[in-house]
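Structure, as structure tokens:
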Amino acid sequence: MKNEYDALNLAAVCPEEYAPVPLSGAQQKAQLERLLAGARTKGSAPHTHTGEEAAPAQGCHGVRSIRCRTRSRKRMAALLLAAALACGVLAAGAVGAFVWGTDFTAFLGLGQKDMPLLGGLSQGLGLTQTVGGASITLEGVLGDGHCVYIPFTVTAPQGTKLKSAQEYLFDVASFSTDVPGAAAVTVQPLPAGQAAENQLRFVLMASVSAPLSGQTAQIELWNMYHNSASGVGTRMHDEDAVVPGHFSFAFRLEYEPAGLSLLQEPADAGFESPLEKLEFSPISVYLQLREPAAESDLAALMDVPVALCFADGTRLPILSWWDIEQGAAGVPGRRFQAGGSLVIQLLQAADLSQVTAVEVNGTAFPLA
Numbered sequence: 005m006k007n008e009y010d011a012l013n014l015a016a017v018c019p020e021e022y023a024p025v026p027l028s029g030a031q032q033k034a035q036l037e038r039l040l041a042g043a044r045t046k047g048s049a050p051h052t053h054t055g056e057e058a059a060p061a062q063g064c065h066g067v068r069s070i071r072c073r074t075r076s077r078k079r080m081a082a083l084l085l086a087a088a089l090a091c092g093v094l095a096a097g098a099v100g101a102f103v104w105g106t107d108f109t110a111f112l113g114l115g116q117k118d119m120p121l122l123g124g125l126s127q128g129l130g131l132t133q134t135v136g137g138a139s140i141t142l143e144g145v146l147g148d149g150h151c152v153y154i155p156f157t158v159t160a161p162q163g164t165k166l167k168s169a170q171e172y173l174f175d176v177a178s179f180s181t182d183v184p185g186a187a188a189v190t191v192q193p194l195p196a197g198q199a200a201e202n203q204l205r206f207v208l209m210a211s212v213s214a215p216l217s218g219q220t221a222q223i224e225l226w227n228m229y230h231n232s233a234s235g236v237g238t239r240m241h242d243e244d245a246v247v248p249g250h251f252s253f254a255f256r257l258e259y260e261p262a263g264l265s266l267l268q269e270p271a272d273a274g275f276e277s278p279l280e281k282l283e284f285s286p287i288s289v290y291l292q293l294r295e296p297a298a299e300s301d302l303a304a305l306m307d308v309p310v311a312l313c314f315a316d317g318t319r320l321p322i323l324s325w326w327d328i329e330q331g332a333a334g335v336p337g338r339r340f341q342a343g344g345s346l347v348i349q350l351l352q353a354a355d356l357s358q359v360t361a362v363e364v365n366g367t368a369f370p371l372a
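Residue numbering for the sequence shown follows the working numbering, starting at 5 and increasing by one per position.
In structure tokens form, the structure reads like this:
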């Protein structure tokens, strides 16, 4: 089934910086085989490396080991990267002054005038893939050291009348990089995100335990189907998907992380284990305990109280959307724990110039 879809895939890269002529599937395979054959003649036996599976989006407590790559793995990664460039499926996105759609800025709680607050975290992609008469276009990446937002547009075949984006699901929505690590991925509809009757707008959000900037990322989106279909979440919807097919994208994460490291050395934050890292950016808070973390700390880390302190004296805890919807005052965020690290992806971008400290477990760590 996967190969069947792969044979139909047609990738097109739109940024001005990189516009290769797409190769056919047979040409792509031949190009990859030539590159690998060349490596073998130089005495490097290739090793197949499969990245770790994405962890569930909610309640991810599993510990994943991160192993150092050998030279042969690095060589193989370089070869695969070269093959992707040769085959025209790797985007070299436009970094920097990128104008986001108003639906995405509204999702972040910002206006267009506020977008400069995000600085170099923005990277344009303009990467489209077509399967049959449908296509998916990745608009760009907003990211930092451990989180990404990737808005995208789904275009169904001409004549298709789609309903609200809230009514559709994907069989597979995954995000991974060439560095092993645990990840939590979710897809959310964008507000008023329907440009045409056969188009819908979404944003893929990922939190990853391994550092992201500079890595090669891969996104898989498979079968968009209506939530009224039978077997929701229990089977693949190849036969009854509104937009069937396997859409796969690869691109470098070339944005410039704008986060701040708030610790010069390990600090006490109310855990048995010292807090080794505390990083803050407009879109996330990242905490890491010194390894090996105590069992009690691993159990408590997911729910540790974290708040933002502002210049006007306001203190806002980072809460779940459910808490916000119940009337609690705070900054909405989604949490992902991998061992002794915690990634809190902010669902409302923060203005670093207005934040004076990040509070963890009642201890304030100033930005300056």
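Using N, Cα and C, we set each Cβ at its ideal position, and we do this for glycine too. Every value quoted in this text rests on a predicted model; they were computed, and no experiment measured them.
Counting along the chain, where does the beta strand (DSSP E) carrying residue i start and finish?
{"i": "residue 287", "result": "First-last for residue 287: undefined, no H or E at that position."}
{"i": "residue 181", "result": "172-181"}
{"i": "residue 342", "result": "335-342"}
{"i": "residue 192", "result": "187-193"}
{"i": "residue 155", "result": "151-159"}
{"i": "residue 251", "result": "247-256"}
{"i": "residue 103", "result": "That residue, residue 103, is in no beta strand (DSSP E); it is neither H nor E in DSSP."}
{"i": "residue 166", "result": "Per DSSP, residue 166 belongs to no beta strand (DSSP E) and is neither H nor E."}
{"i": "residue 368", "result": "367-370"}
{"i": "residue 139", "result": "138-147"}
{"i": "residue 200", "result": "Per DSSP, residue 200 belongs to no beta strand (DSSP E) and is neither H nor E."}
{"i": "residue 133", "result": "126-135"}
{"i": "residue 363", "result": "359-364"}
{"i": "residue 350", "result": "345-350"}
Taking all protein chains shown into account, decide if residue i is buried (16 or more other Cβ within 10 angstroms of its Cβ) or exposed.
{"i": "residue 231", "result": "exposed"}
{"i": "residue 185", "result": "buried"}
{"i": "residue 104", "result": "buried"}
{"i": "residue 292", "result": "buried"}
{"i": "residue 176", "result": "exposed"}
{"i": "residue 182", "result": "buried"}
{"i": "residue 218", "result": "exposed"}
{"i": "residue 45", "result": "Because the pLDDT at residue 45 is just 42, under 50, the model does not fix this residue reliably, and the point stays unresolved."}
{"i": "residue 28", "result": "Annotation note: pLDDT 45 at residue 28 (below 50); position unreliable, no value reported."}
{"i": "residue 306", "result": "exposed"}
{"i": "residue 364", "result": "buried"}
{"i": "residue 261", "result": "buried"}
{"i": "residue 92", "result": "Unreliable placement is indicated for residue 92, whose pLDDT of 37 sits below 50; the coordinate value is still reported in the next sentence. That one is buried."}
{"i": "residue 337", "result": "buried"}
Between the options, which has its C-alpha nearest residue i's C-alpha?
{"i": "residue 368", "options": "287, 353, 267, 222", "result": "267"}
{"i": "residue 278", "options": "162, 263, 270", "result": "270"}
{"i": "residue 250", "options": "237, 236, 228, 219", "result": "228"}
{"i": "residue 116", "options": "253, 102, 174, 207", "result": "102"}
{"i": "residue 283", "options": "256, 125, 148", "result": "148"}
{"i": "residue 159", "options": "173, 167, 168, 141", "result": "141"}
{"i": "residue 309", "options": "344, 273, 259", "result": "273"}
{"i": "residue 248", "options": "137, 123, 322", "result": "137"}
{"i": "residue 311", "options": "359, 295, 331, 303", "result": "359"}
{"i": "residue 276", "options": "344, 108, 133", "result": "344"}
{"i": "residue 319", "options": "166, 200, 223, 366", "result": "366"}
{"i": "residue 264", "options": "372, 314, 106", "result": "372"}
Thinking residue i and residue j are a contact (beta carbons under 8 angstroms), I'd like their distance in whole angstroms, please.
{"i": "residue 355", "j": "residue 112", "result": "Residue 355 to residue 112, Cβ: 11 angstroms. No contact."}
{"i": "residue 394", "j": "residue 287", "result": "Nothing can be reported for residue 394: it is not among the residues displayed for the chain, which extend from 5 to 372."}
{"i": "residue 325", "j": "residue 346", "result": "Contact flag wrong, Cβ pair sits at about 18 angstroms."}
{"i": "residue 150", "j": "residue 216", "result": "6 angstroms"}
{"i": "residue 445", "j": "residue 143", "result": "In the structure as shown, the chain starts at 5 and stops at 372, and residue 445 therefore has no counterpart that could be examined."}
{"i": "residue 349", "j": "residue 126", "result": "About 16 angstroms; that fails the 8 angstroms criterion."}
{"i": "residue 208", "j": "residue 189", "result": "7 angstroms"}
Less than 8 angstroms separating the Cβ of residue i from some heavy atom of the ligand GDP?
{"i": "residue 282", "result": "What this structure holds is no ligand at all, so the ligand GDP is not there to describe."}
Could you spell out where the alpha helix (DSSP H) holding residue i opens and where it closes?
{"i": "residue 106", "result": "106-111"}
Q | Ordered list of beta strand (DSSP E) runs contained in the segment 211-240, each at least 3 residues | A | 220-230
Q: List in chain order: all unbroken beta strand (DSSP E) runs of 3+ residues lying wholly within the segment 259-329.
A: 279-285, 288-293, 310-314, 319-323
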